[in-house]
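Just so we're aligned, residue 570 is where the sequence shown starts under the working numbering, counting upward by one.
Heads up, the beta-carbon is just placed ideally off N, CA and C, and yes, glycines get one too.
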Amino acid sequence: MPTRSEAVDKRLPAGSYAMGLTPFTRTGALDEGALRDHVAWLAREGVGFWPASPATEEGVQMSDAEILRTVELVRETGTAGPVVASNREYPTARDNLRFIREAYARGADAVQLHPPTLGHSFAPDATMLRSFYADVLSATAVPVVLSSNFMTGFEVPGEVLEAQVREYPHVIGVFTHHPDQHRVAALTQRLVPHTTVLTITQKAVFAHLVGARAELDNLQNIAPRLCRGLHDALTGGEGAQVAALYGEVTRLWSGTSGFVAEHGLPRVVVYKAILRALGHPGGHPRKPYPALGDDETKAVAALADSLGLRESEGLT
Numbered sequence: 570m571p572t573r574s575e576a577v578d579k580r581l582p583a584g585s586y587a588m589g590l591t592p593f594t595r596t597g598a599l600d601e602g603a604l605r606d607h608v609a610w611l612a613r614e615g616v617g618f619w620p621a622s623p624a625t626e627e628g629v630q631m632s633d634a635e636i637l638r639t640v641e642l643v644r645e646t647g648t649a650g651p652v653v654a655s656n657r658e659y660p661t662a663r664d665n666l667r668f669i670r671e672a673y674a675r676g677a678d679a680v681q682l683h684p685p686t687l688g689h690s691f692a693p694d695a696t697m698l699r700s701f702y703a704d705v706l707s708a709t710a711v712p713v714v715l716s717s718n719f720m721t722g723f724e725v726p727g728e729v730l731e732a733q734v735r736e737y738p739h740v741i742g743v744f745t746h747h748p749d750q751h752r753v754a755a756l757t758q759r760l761v762p763h764t765t766v767l768t769i770t771q772k773a774v775f776a777h778l779v780g781a782r783a784e785l786d787n788l789q790n791i792a793p794r795l796c797r798g799l800h801d802a803l804t805g806g807e808g809a810q811v812a813a814l815y816g817e818v819t820r821l822w823s824g825t826s827g828f829v830a831e832h833g834l835p836r837v838v839v840y841k842a843i844l845r846a847l848g849h850p851g852g853h854p855r856k857p858y859p860a861l862g863d864d865e866t867k868a869v870a871a872l873a874d875s876l877g878l879r880e881s882e883g884l885t
């Protein structure tokens, strides 16, 4: 694999990327018009859109046909950066390879490959993970982004990820998320000599210091300008601007997290309600996620106002 002078693979440029939410109609159908509008809004703000992300808690609700249709729509609409299709966390190499072929045929530039989730109480060990990656990555040349997210219930060991990046030139990036910043920093430092490393926006400042050059998060769905602004300030070394924008990011994250916890709602339901309050086409949740009542809808609108989203996103 060729060495790189910078910690960025040109096939996955430095930037800000959204774990894409999926707009549905009130009856639960895929809202193609709303999805196009949402992707186009983020693109205007310089934010890429990775369709049907399981991290928004919606990808698991969708059929393969629906997910592949979102890939087509994002390709047709145009996004900032590559179209990266996020699979449904299939546990077998066979299903992952099938999805990779189909997503690539529909216009994806790359596929985010999640490690195999095998049940509620079992985590694959390093030997199983190496075998899984070998079975998938040796059988395709489609560009792949690997992922190690503690929210799956386990981490992929750094030495396993590094081995895949070194062995397979079509691994173009690695996403890492963990509440322990030391773990994020250690993995980032291990991988940045070889590929693009992505972290969540809340970890961007610290991760950038050790070489990460891209962010992948669901926060970009409601605050693309803010998230892109933080990325650009970090890239430009603008310390005062970084401090100001990072303060806004943490305030937004804390405010929405507090609302989610207080009302017992899924984050994506709240984010979609925020988008509707801002006049943007976030669409509606799909069952079993609940529709908001009038009081909750008013509370979300008040939350959006209190967080200054109209101002930060230039919607006044």
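{"Check": "Residue environment, residue 888, which counts as buried when at least 16 other CB atoms sit within 10 Å", "Outcome": "Shown here, the chain extends from 570 to 885; a query on residue 888 therefore has no answer."}
{"Check": "Residue closest to residue 698, alpha-carbon to alpha-carbon, out of 709, 684, 707", "Outcome": "684"}
{"Check": "heavy atom of the ligand COA below 8 Å from residue 787 C-beta", "Outcome": "The ligand COA is absent from the structure shown, which contains no ligands of any kind."}
{"Check": "Whole alpha helix (DSSP H) elements within the region 683-759, 4-residue minimum", "Outcome": "695-706, 727-736"}
{"Check": "Identified DSSP bridge partners for residue 588", "Outcome": "619"}
{"Check": "Residue ranges of each alpha helix (DSSP H) within the region 756-798, 4 or longer", "Outcome": "773-778"}
{"Check": "Anticipated Cβ contact below 8 Å, residue 653 with residue 782, distance rounded", "Outcome": "The Cβ separation is near 16 Å, so there is no contact."}
{"Check": "Sub-9 Å separation of residue 788 and residue 818 beta-carbons", "Outcome": "yes"}
{"Check": "Beta-carbon proximity list for residue 665, same chain, < 7 Å, skipping 5 on both sides", "Outcome": "656, 659, 682, 705"}
{"Check": "CA-to-CA distance, residue 758 to residue 866, given in whole angstroms", "Outcome": "43 Å"}
{"Check": "Local conformation of residue 853 per DSSP, three classes", "Outcome": "strand"}
{"Check": "As assigned by DSSP and simplified to three states, the class of residue 577", "Outcome": "coil"}
{"Check": "Residue 828 - partner residues in DSSP beta bridges", "Outcome": "DSSP output for residue 828 lists no bridge partner at all."}
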